[in-house]
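Peer 1: This structure is in structure tokens; I'll ask about it shortly.
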Amino acid sequence: MTTTLLVGSTPDALAKELIRRIAAIARDSVEARGVFNIAVSGGSMPKILTGLATAEGLDWRKCKVWFADERCVPLDHSDSNYKAWADLLSSSGIPEGNVVTVDTDLSPKDAAANYEEALRAAFSVGGDAIGAQLPCFDAALLGVGPDGHTCSLFPGHPLLEERGKWVADIEDSPKPPPQRVTLTYPVLNNSRNVIFIGTGGGKASLLPQLLVVTGARKLKSAGDASPYPAARVRVGEGRELLWCVDQAAASQCPPEIMELATTC
Ligand code: 6PG
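Just so we're aligned, residue 240 is where the sequence shown starts under the working numbering, counting upward by one.
Structure below.
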């Protein structure tokens, strides 16, 4: 796994570079497999990525958008992650059927099972290769909270140990609203590309704890020993994990991490 830290000199520069990279992954995915499966998160992400709707070279007709997590509220509720993406998606030209929403009319448990079924139907899962029994997103776009959570995987929560379900329900999220549906580690870690987007000073003291410098002077995630759920996301050999942050979020990273960062 290659781990890269990308630091934007301005919010605009960060957004541009991120969008360029996502569009490049989309092109490669469509070329290789005819489709670009992308999982997205809520929070500040859709605002940062507004320009993705008109990204050069991104063929939205070949994109399939999934939700890495969703809050169990109606899809037109202001707390809904789908709702936060709705404007961007409607201006992108993506066919409506290519946006796979969580059925929030169901109970959280049933909504999670139903979303897992949708994944099962969309991804050809099978074979002996590593990860072949799991869906494989071309890109999973993840946020990180100041407590280190990602998706709806929170520090110390039993869901961090979930290895069977691809999609799980959570009834006691410390970040409101409490009822949510989230992808689990087995699926996240099977992604071809994981892109974390973390902006703002609220993440400054956290970031240095999520990344470590190896003896070979490479960055890697702190891993399973870390109490922070975001640090436990690890993609496989030959795959990419990218941390995209702004100056504020990077402001407390020590020089040994910053020396290995890429700026844009
Ligand atoms: C959610 C999210 C969550 C989010 C982080 C970061 O539904 O609440 O998917 O995991 O991505 O909390 O949020 P910010 O980008 O707003 O800091």
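All C-beta atoms, glycine included, are put in the ideal place defined by N, C-alpha and C.
Counting only C-beta atoms, is LYS404 closer than 8 Å to chain B at any point?
Peer 2: Checking the listed chains, one finds no chain B in this structure; it contains a single protein chain.
Peer 1: Of the residues VAL406, GLU498 and VAL472, which one's Cα is nearest the Cα of LYS348?
Peer 2: Taking the first residue of the sequence shown as 1, we reach residue 348 at position 109. The residue with the shortest Cα to Cα distance from LYS348 is VAL406.
Peer 1: Answer yes or no: the CB of SER337 versus the heavy atoms of the ligand 6PG, is any distance below 7 Å?
Peer 2: Taking the first residue of the sequence shown as position 1, residue 337 is located at position 98. According to the sequence as given, residue 337 is Asn; it is not Ser. No, the beta carbon of ASN337 sits no closer than 7 Å to any heavy atom of the ligand 6PG.
Peer 1: Helix, strand or coil: how does DSSP classify ILE258 here?
Peer 2: To locate residue 258, count along the sequence shown from 1; it is residue 19. Looking at ILE258 - three-state DSSP - the assignment turns out to be helix.
Peer 1: Thinking C-beta only, is MET284 closer than 8 Å to GLU476?
Peer 2: As a first step, residue 476 is located in the sequence shown; it is residue number 237 there, counting from the start. As a first step, residue 284 is located in the sequence shown; it is residue number 45 there, counting from the start. No, the pair does not count as a contact, with Cβ atoms beyond the cut-off.
Peer 1: Three or more C-beta pairs closer than 8 Å, one from the region 467-483 and one from the region 303-318: is that the case here?
Peer 2: no
Peer 1: Between ALA278 and the rest of its own chain, which residues show a CB-CB distance below 6 Å, the 5 nearest in sequence each way excluded?
Peer 2: The residue labelled residue 278 in the question sits at position 39 within the sequence shown. So the qualifying residues of the chain are TRP305, ALA307, PHE376 and ALA379.
Peer 1: Check whether the Cβ of ASP408 sits closer than 7 Å to any heavy atom of the ligand 6PG, and report yes or no.
Peer 2: Position 169 of the sequence shown, counted from the first residue, corresponds to residue 408. Not so, every heavy atom of the ligand 6PG lies at least 7 Å from the Cβ.
Peer 1: Are there 16 or more other CB atoms within 10 angstroms of the CB of ASP326, so buried, or fewer, so exposed?
Peer 2: Along the sequence shown, read from residue 1 onward, the residue named residue 326 stands at position 87. Result: exposed.
Peer 1: Which partner residues does TRP305 have in the DSSP bridge list?
Peer 2: Here residue 305 refers to the residue found at position 66 of the sequence shown. Answer is ALA278, bridged to TRP305.
Peer 1: Report yes if the CB atom of VAL451 is closer than 8 Å to the CB atom of LYS459, and no otherwise.
Peer 2: Sequence index remark: in the sequence shown, residue 451 carries index 212 (1-based). Sequence index remark: in the sequence shown, residue 459 carries index 220 (1-based). In contact: VAL451 and LYS459 (Cβ atoms closer than 8 Å).
Peer 1: Which residues in the same chain have their Cβ closer than 6 Å to the Cβ of ARG478, if we skip the five residues on either side of it in sequence?
Peer 2: Taking the sequence shown and counting its residues from 1, one reaches residue 478 at position 239. Excluding residues within five positions, the ones whose Cβ falls inside 6 Å are MET240 and ARG431.
Peer 1: Please look up how many angstroms separate the CB atoms of CYS302 and ILE333, rounded, as I've assumed it's under 8 Å.
Peer 2: Start at 1 with the first residue of the sequence shown, and residue 302 comes out as number 63. Start at 1 with the first residue of the sequence shown, and residue 333 comes out as number 94. Contact between CYS302 and ILE333 holds, since their C-beta atoms are separated by about 6 Å, short of 8 Å.
Peer 1: Name the two residues that bound the continuous alpha helix (DSSP H) containing ASN320.
Peer 2: In the sequence shown, the residue the question calls residue 320 occupies position 81. Note, ASN320: alpha helix (DSSP H), 320-331.
Peer 1: Starting from ASN432, trace the beta strand (DSSP E) in both directions and tell me its first and last residue.
Peer 2: Numbered from 1 along the sequence shown, position 193 holds the residue referred to as residue 432. Its beta strand (DSSP E) spans residues 432-437.
Peer 1: List the residues that DSSP assigns as beta-bridge partners of LEU245.
Peer 2: Counting from one through the sequence shown, the residue named residue 245 turns up at place 6. Note: LEU245 sits in a beta bridge opposite CYS483 and THR501.
Peer 1: Within 10 angstroms of the Cβ of ARG402, are there 16 or more other Cβ atoms? Answer buried if so, exposed if not.
Peer 2: Start at 1 with the first residue of the sequence shown, and residue 402 comes out as number 163. By the neighbour-count rule (16 or more Cβ atoms within 10 Å), ARG402 is not buried but exposed.
Peer 1: Is SER363 helix, strand or coil by DSSP?
Peer 2: Taking the first residue of the sequence shown as 1, we reach residue 363 at position 124. SER363 sits in coil when the DSSP states are folded into three classes, being neither helix nor strand.
Peer 1: Could you name each continuous beta strand (DSSP E) segment of 3 residues or more that falls completely within the region 394-422, going from the start of the chain to the end?
Peer 2: Within the region 394-422, the beta strand (DSSP E) runs of at least 3 residues that lie entirely inside it are, in chain order, 406-409 and 419-422.
Peer 1: Please go through the same chain and pick out, in chain order, the residues whose beta-carbon is closer than 6 Å to the beta-carbon of GLY281, but skip the five residues on each side of it.
Peer 2: One-based indexing of the sequence shown puts residue 281 at position 42. Within the same chain, GLY281 has close Cβ partners ASN320 and ALA323.
Peer 1: Any heavy atom of the ligand 6PG closer than 7 Å to the CB of THR289?
Peer 2: Position 50 of the sequence shown, counted from the first residue, corresponds to residue 289. No, since every heavy atom of the ligand 6PG falls outside the 7 Å radius drawn around the Cβ of THR289.
Peer 1: Rank ASN337, LYS255, GLU295 and THR502 by C-alpha distance to the C-alpha of ASN276 and give the top, closest one.
Peer 2: Indexing the sequence shown from 1 puts residue 276 at position 37. The shortest C-alpha separation from ASN276 is found at ASN337.
Peer 1: If we call anything under 8 Å between Cβ atoms a contact, is LEU358 one with ILE434?
Peer 2: Working through the sequence shown from its first residue, we reach residue 358 at position 119. Working through the sequence shown from its first residue, we reach residue 434 at position 195. No, the Cβ-Cβ distance between LEU358 and ILE434 is not below 8 Å.
Peer 1: Apart from the five residues on each side of it in sequence, which residues of its chain come closer than 8 Å, Cβ to Cβ, to LEU449?
Peer 2: Start at 1 with the first residue of the sequence shown, and residue 449 comes out as number 210. These residues qualify, in order along the chain: VAL383, GLY387, SER460, ALA461, SER465, TYR467, ALA469, ALA470 and TRP482.
Peer 1: Of the residues ALA361, ALA488 and PRO413, which one's Cα is nearest the Cα of VAL339?
Peer 2: Position 100 of the sequence shown, counted from the first residue, corresponds to residue 339. Nearest option by C-alpha distance: ALA361.
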